[in-house]
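First up is the structure itself, then whatever we jot down about it.
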Amino acid sequence: MKRSIISLAFTGLLFVFCVLLCSCAHNTESSGSMASFKVVKVNRFLRMETLQGEGFEVIGKKRRQGTLGLSDALEYKDRGEEIVVVWRYDGPPAKNAPVVLNFDYQYPVDKTVYRISEQYDTIVPGRYTFKFRNTGDDYFERGEIENWRVSIFYNDIQVGYKRSKFFGKN
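The sequence shown begins at 118 in our numbering and counts up one residue at a time.
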């Protein structure tokens with residue numbers, strides 16, 4: 118009797134182990150074929166002045182030579198801000214299934230939501246960069262972009278998203 122209980126327990130444990138092993142193998146295969154999208158970061162840079170002289174390597178030196186440094190203002194049409202969106206794709210190369218990045222934004226004086234879209238017809242795993250410039254008349258008349266939202270769509274399904282803290286709360 119004691120031997121049959123031990124053998125039954127051992128058989129049950131063996132069965133549970135086999136089920137777990139099969140389920141782990143199944144999850145590994147399905148996750149390997151899945152594509153992953155992520156909006157890594159959104160940065161804003163002011164663009165008002167330019168470097169004159171040799172460039173950034175001279176600015177970093179302890180002793181500057183001459184009058185190198187920040188001084189020349191950019192032309193009116195180039196002054197403003199630049200927003201850089203960095204996003205990442207992990208998965209197999211994708212063709213004929215366009216990836217669309219939508220950048221929605223609002224100005225402080227005008228609560229209308231504006232949209233810029235960029236379409237990627239073929240993508241491979243790696244990092245991608247999207248740049249948007251708010252310069253010239255738009256920058257000086259409407260101001261800096263107050264709120265923004267980035268959304269990534271793959272086959273018309275939203276797969277990535279990031280927004281500023283107050284976007285859509287006005």
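No residue lacks a Cβ here, since even glycine has one placed at the ideal position from N, Cα and C.
Quick caveat: nothing in here was measured; it's all calculated off a predicted structure.
Check whether residue i and residue j have beta carbons under 8 Å apart
i, j, result
"T246", "K194", "no"
"F284", "N264", "yes"
"V216", "Y237", "yes"
"F220", "V276", "no"
"K286", "V156", "no"
"I269", "F154", "yes"
N-terminal and C-terminal residue of the beta strand (DSSP E) that residue i is part of
i, result
"E199", "197-207"
"K155", "153-164"
"F270", "264-271"
"Y193", "Looking at the DSSP string, Y193 is not in any beta strand (DSSP E), and its letter there is neither H nor E."
"K286", "Element bounds for K286: n/a, residue is neither H nor E."
Whole-angstrom C-beta distance between residue j and residue i, which should lie under 8 Å
i, j, result
"R161", "E192", "That belief does not hold up - the Cβ atoms of R161 and E192 are roughly 20 Å apart, past 8 Å."
"I262", "Y206", "Actually they do not touch by this definition, with Cβ atoms about 25 Å apart."
"G243", "M151", "Between M151 and G243 the Cβ distance is about 17 Å, and since that is not below 8 Å, they are no contact."
Where the alpha helix (DSSP H) through residue i begins and ends
i, result
"G253", "253-259"
Spatial neighbours of residue i in its chain, beta-carbon cut-off 6 Å, leaving aside the 5 residues before and after
i, result
"I200", "R161, F249"
"E146", "A caution first: E146 carries a pLDDT of 29, below 50, which makes its placement in the model unreliable, though a value can still be read off. Same-chain partners within the cutoff: there are none."
"A211", "I240"
Close beta carbons around residue i, own chain, < 7 Å, minus the five adjacent residues each side
i, result
"V226", "R259, G260"
"A214", "Y271, N272"
"I274", "none"
"N144", "Here the model assigns N144 a pLDDT of 30, short of 50, so the residue's position is not dependable and the matter cannot be decided."
"K282", "none"
"K158", "V203"
8 Å Cβ shell around residue i - same chain, five flanking residues per side excluded
i, result
"Y256", "R196, G197, E198"
TODO: For the stretch 209-243, list the beta strand (DSSP E) runs that are entirely contained and at least 3 residues long, ordered along the chain.
DONE: Qualifying beta strand (DSSP E) stretches, in chain order: 216-223, 231-237.
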